[in-house]
Amino acid sequence: MTDLEIVSKCNALAKLFYAGRGYAVEDGYRFDLAHHPQEQEAWDMACMAFELLLEVDPNDAVSNLDDDETEKEVVARCEGCGRNIRADEDYDYDPEDDISLCEQCQ
Ligand SMILES: [Zn+2]
165 MTDLEIVSKC NALAKLFYAG RGYAVEDGYR FDLAHHPQEQ EAWDMACMAF ELLLEVDPND
225 AVSNLDDDET EKEVVARCEG CGRNIRADED YDYDPEDDIS LCEQCQ
């Protein structure tokens, strides 16, 4: 598997773990870039599965990816307007209320 495939499959696995807890995200969502604690947890679980079964660390694959490939990925959903926030945008995350707000909604 290429680094991109590892990251993509690990995200797909994280999406399944996350769905198992009753949360849905869109296809292609990047858990490795997420700020949300439960999403980060889903990513970590998927990483553990990768390390156990395939002896690869998806976090290594993430750091090997070009910045260009990761920059435009979705990292959060704005609580105010509901749109997806991309990795190259400024946004505000409030860990106390577990709320992300895009630049316009802050
Ligand atoms: Zn917004």
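In my numbering, the protein residues as written are 165 to 270.
Cβ coordinates follow ideal geometry from the N, Cα and C atoms, glycine included.
None of the values given here were measured: they were computed from a predicted structure.
Check whether the Cβ atoms of residue i and residue j lie closer than 8 angstroms to each other.
i: Pro-222; j: Phe-214; result: yes
i: Leu-218; j: Leu-168; result: no
Specify the secondary structure class of residue i as computed by DSSP and reduced to three states.
i: Leu-218; result: helix
i: Cys-174; result: helix
i: Tyr-182; result: helix
i: Cys-211; result: helix
For residue i, count neighbouring C-beta atoms within 10 Å of its own C-beta (all shown protein chains included) and say buried if the count is 16 or more, exposed if not.
i: Ser-264; result: buried
i: Arg-284; result: Outside the shown range of the chain, which is 165 to 270, sits residue 284, and nothing can be said about it.
i: Asp-258; result: exposed
i: Arg-194; result: buried
Residue list, Cβ distance to ligand 1 heavy atoms smaller than 7 angstroms
Having a Cβ closer than 7 angstroms to some heavy atom of ligand 1 are Cys-242, Gly-244, Cys-245, Arg-247, Leu-265, Cys-266, Gln-268 and Cys-269.
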